[in-house]
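In the numbering used here, the protein residues as written are 4 to 317.
Everything on this sheet refers to the single structure shown next.
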């Protein structure tokens, strides 16, 4: 039975919180300053060992639209899932607690776009502002609704550069009816989330507004370190996407297989990843298990196939 829950707000903004004492206030203040008021913010304190739990509680006392959940540390996926379970908005969106909303009008722009599109199940926000790249915002995107196949083709061709979890606005009933949750215990969980949420959809609505300011190159960021687990989890995600796509129509299945092949090709194009693979029998086996995936995809360039052939000789 799908979960049922009373809708109290238009947006539920889920904000996982862990070791972000330096950034949290700017993140929450960017929500509080919105012109659009029909929202709730779910701050999920994922067992943060710093002053974040107290900061969360202080914000909840100041504004009754802010919910706080304190839990044992379980990782980003677990925190997001906790937020989904507590959400009571018509739509769910995710905001990392070390980033912040781009302007005071963002939620209003998104809500207007959703209303004009007759409240779609999924809305994608392609525009994001990266702190290290002032040119990251593009004017080429427009407000439109695309069939799923066309959307994925654009992703494969890098028309849309990123597909992070916070770039999707999802109707809460859609998440609950399809029992959609982030997989716990893996890195790069957004790659798998991307596939899981889309496989149930027919159309994707595009809202071109700039949603958030992404603070990249942070010290200690998981993204900035490549370890064996990063590579293992990417192999796992690629293989799981292939498995999940087996019951889809053939044309759609091929697109998801190409997407999975892109994940694997991304691994072997990284010099650091190649070094780790060459020194690990386990990772060599993972690569071997992905051989058919690489060879079946007609979208891969010659450089990828050359690197793969070179790796096989190690």
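Here a beta-carbon is modelled for each residue, glycine too, at the ideal position from N, C-alpha and C.
#1: Given that a residue counts as buried once 16 or more other Cβ atoms are within 10 Å of its Cβ, and exposed if not, what is residue 10?
#2: Around the Cβ of residue 233, are there at least 16 other Cβ atoms within 10 angstroms (buried) or fewer (exposed)?
#3: Near residue 22, which residues of its chain fall below 8 Å by C-beta distance, leaving aside the five closest residues on each side in sequence?
#4: Does the distance from the C-beta atom of residue 100 to that of residue 46 stay below 9 Å?
#5: Anyone know if the C-beta pair for residue 98 and residue 210 falls short of 9 Å?
#6: To the nearest angstrom, how far is the alpha carbon of residue 212 from that of residue 57?
#7: Return the Cβ separation of residue 240 and residue 208 in integer angstroms, given the expectation that the two are a contact with Cβ distance under 8 Å.
#8: With distances taken Cα to Cα, identify the nearest neighbour of residue 38 among 294, 144, 115, 266.
#9: In chain order, what residues of the same chain have a beta carbon less than 6 Å from the beta carbon of residue 167, not counting five sequence neighbours either side?
#10: What three-state label does DSSP hand residue 19 in the structure shown?
#11: Closest to residue 276 by C-alpha separation, out of 238, 245, 256, would be which residue?
#12: Report yes or no: do the region 181-190 and the region 72-89 share at least 3 C-beta pairs separated by less than 8 Å?
#13: Once DSSP output is grouped into helix, strand and coil, what is the label at residue 174?
#14: Please state the DSSP three-state secondary structure of residue 206.
#15: Please say whether residue 215 and residue 132 have beta carbons closer to each other than 9 Å?
#16: Measuring CA to CA, which of 171, 15, 29, 26 is closest to residue 123?
#17: Which residues in the same chain have their Cβ closer than 8 Å to the Cβ of residue 119, if we skip the five residues on either side of it in sequence?
#18: Please return the same chain residues whose Cβ sits closer than 6 Å to the Cβ of residue 244, not counting the five positions on each side in sequence.
#19: Is the separation between the beta-carbon of residue 271 and that of residue 236 shorter than 9 Å?
#20: If I measure Cβ to Cβ from residue 27 and keep anything under 7 Å in the same chain, skipping five residues before and after, which residues do I get?
#21: Compare the C-alpha of residue 202 against each of 89, 108, 249 and name the closest.
#22: When you compare the CB positions of residue 14 and residue 110, do they come within less than 9 Å of one another, or not?
#23: One question on the structure: do residue 206 and residue 252 come within less than 9 Å of each other, judged by their Cβ atoms?
The structure says:
#1: exposed
#2: buried
#3: Around residue 22: 51, 52, 53, 55.
#4: One thing to note: residue 100 has its Cβ within 9 Å of the Cβ of residue 46.
#5: No, they are not a contact pair.
#6: 33 Å
#7: Actually they are not in contact, since the Cβ atoms of residue 240 and residue 208 sit about 25 Å apart, beyond 8 Å.
#8: Answer by Cα proximity: 115.
#9: 193
#10: strand
#11: 238
#12: yes
#13: strand
#14: strand
#15: yes
#16: 171
#17: 146
#18: 198, 259, 263
#19: Result no, Cβ atoms of residue 271 and residue 236 do not sit closer than 9 Å.
#20: Closer than 7 Å at the Cβ level, and outside the excluded window around residue 27, lie 20, 55, 58, 100.
#21: Of the listed residues, the one whose Cα sits closest to residue 202 is 249.
#22: yes
#23: no
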